[in-house]
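Line by line, the protein sequences are chains A and B.
The first sequence begins at 2 in this note's numbering and counts up by one.
The second sequence begins at 1013 in this note's numbering and counts up by one.
Beta carbons are placed, not taken as given, at the ideal position from N, Cα and C, and that holds for glycine.
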Amino acid sequence: AQSVAQPEDQVNVAEGNPLTVKCTYSVSGNPYLFWYVQYPNRGLQFLLKYITGDNLVKGSYGFEAEFNKSQTSFHLKKPSALVSDSALYFCAVSGNTGGFKTIFGAGTRLFVKA
Amino acid sequence: DSGVTQTPKHLITATGQRVTLRCSPRSGDLSVYWYQQSLDQGLQFLIQYYNGEERAKGNILERFSAQQFPDLHSELNLSSLELGDSALYFCASGTEKFNNEQFFGPGTRLTVL
């Protein structure tokens, strides 16, 4: 069965510092991995995806994510955090089994302090 | 703005009632997904339609049903409502049948009293 874990409920980082939001997954076969962001009272917004190819994926708003097959991880990163990055971040996985459903993690709340 | 629209934005109703939530996908998108977001359950996938046909089913209760119409808009019907059904309901759309990024609407906040 597919699953995705976001081990941190909350991540705190100072503005200007690098940030990492962690995600690990479990899926049979090749994974399709996604990151989404949710701002208060808004729907989720797509940030980036990994399907195949380069392990470092670049997305919107300066975010990037690194796919690590051996560690089954897909951590979200940004070199320099902004206060406006404060939001709820969701990792998601889908694959060629499990009915092709997309499974979302529980979410990680990111606080960027000025 | 994702291009996905949902109506209504807010809905307040009583236990035992039935409601219908509506979603219009982005222009050109054939897939529509429905999700329930609550504080204790997180984001739960309910159901997906692709070009009018049910494509995948998640944790959707028997009291809930959905359909996608020929013009590709979708409706989620919730009946015999219970207090625990209070949540944000999101619709998302995508171009492909599976494994693609999804574009979310602003959601419908349902409150069951």
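**Request:** Could you spell out where the beta strand (DSSP E) holding residue 20 of chain A opens and where it closes?
**Result:** As a first step, residue 20 of chain A is located in the first sequence; it is residue number 19 there, counting from the start. It spans 20-22 - the beta strand (DSSP E) in which residue 20 of chain A sits, taken as one unbroken run.
CB residue 1096 of chain B to CB residue 1016 of chain B, shorter than 8 Å?
One-based indexing of the second sequence puts residue 1096 of chain B at position 84. One-based indexing of the second sequence puts residue 1016 of chain B at position 4. The answer is no: Cβ separation not under 8 Å.
Assign residue 1014 of chain B to one of three DSSP states: helix, strand, or coil.
Mapped onto the second sequence, residue 1014 of chain B falls at position 2. Reduced to three states, the DSSP call for residue 1014 of chain B is coil.
| message | Are the CB atoms of residue 48 of chain A and residue 60 of chain A within a distance shorter than 8 Å? | response | Taking the first residue of the first sequence as position 1, residue 60 of chain A is located at position 59. Taking the first residue of the first sequence as position 1, residue 48 of chain A is located at position 47. It is a contact, given that the beta carbons lie within the stated cut-off.
Item to complete: Please list, in chain order, all residues of the same chain as residue 32 of chain A whose beta carbon is under 7 Å from its beta carbon, the five residues on each side excluded.
Response: Taking the first sequence and counting its residues from 1, one reaches residue 32 of chain A at position 31. If we look at residue 32 of chain A and ignore the five residues flanking it on each side, its Cβ neighbours are 26, 94, 96.
Next on the checklist: Can you check which of these residues, B/1062, B/1099, B/1066, B/1024, is closest to residue 1119 of chain B by C-alpha distance?
Outcome noted: In the second sequence, the residue the question calls residue 1119 of chain B occupies position 107. Residue 1119 of chain B has its Cα closest to that of B/1099, out of B/1062, B/1099, B/1066, B/1024.
task: Verify whether the separation of the beta carbon atoms of residue 1027 of chain B and residue 1124 of chain B is less than 8 Å.
output: Here residue 1027 of chain B corresponds to residue number 15 of the second sequence, with the count starting at 1. Here residue 1124 of chain B corresponds to residue number 112 of the second sequence, with the count starting at 1. It is a contact, given that the beta carbons lie within the stated cut-off.
- prompt: Three-state secondary structure (DSSP) at residue 58 of chain A?
  reply: Position 57 of the first sequence, counted from the first residue, corresponds to residue 58 of chain A. Strand.
- Test: residue 95 of chain A CB closer than 8 Å to a CB of chain B: Here residue 95 of chain A refers to the residue found at position 94 of the first sequence. Interface residue, yes.
Mapping DSSP to helix, strand and coil, what is residue 1028 of chain B?
Start at 1 with the first residue of the second sequence, and residue 1028 of chain B comes out as number 16. Residue 1028 of chain B: coil per DSSP, three-state reduction.
(message) Just to confirm before moving on: does the CB-CB distance between residue 1048 of chain B and residue 1058 of chain B stay below 8 Å?
(response) Residue mapping note: residue 1048 of chain B aligns to position 36 of the second sequence, counting from 1. Residue mapping note: residue 1058 of chain B aligns to position 46 of the second sequence, counting from 1. Contact: yes.
* Listed by chain order, chain B residues near residue 35 of chain A by CB distance under 7 Å -> Walking along the first sequence from the start, residue 35 of chain A turns up at place 34. Near residue 35 of chain A (Cβ distances below 7 Å), the residues of chain B are 1113.
**Report entry** CB of residue 1063 of chain B within 8 Å of CB of residue 1076 of chain B, strictly
**Finding:** Here residue 1063 of chain B is taken as the residue at index 51 of the second sequence, counted from 1. Here residue 1076 of chain B is taken as the residue at index 64 of the second sequence, counted from 1. No, the pair does not count as a contact, with Cβ atoms beyond the cut-off.
Exercise. Would you kindly check if the distance between the Cβ of residue 78 of chain A and the Cβ of residue 20 of chain A is under 8 Å?
Key: Position 19 of the first sequence, counted from the start, is the residue given in the question as residue 20 of chain A. Position 77 of the first sequence, counted from the start, is the residue given in the question as residue 78 of chain A. Yes.
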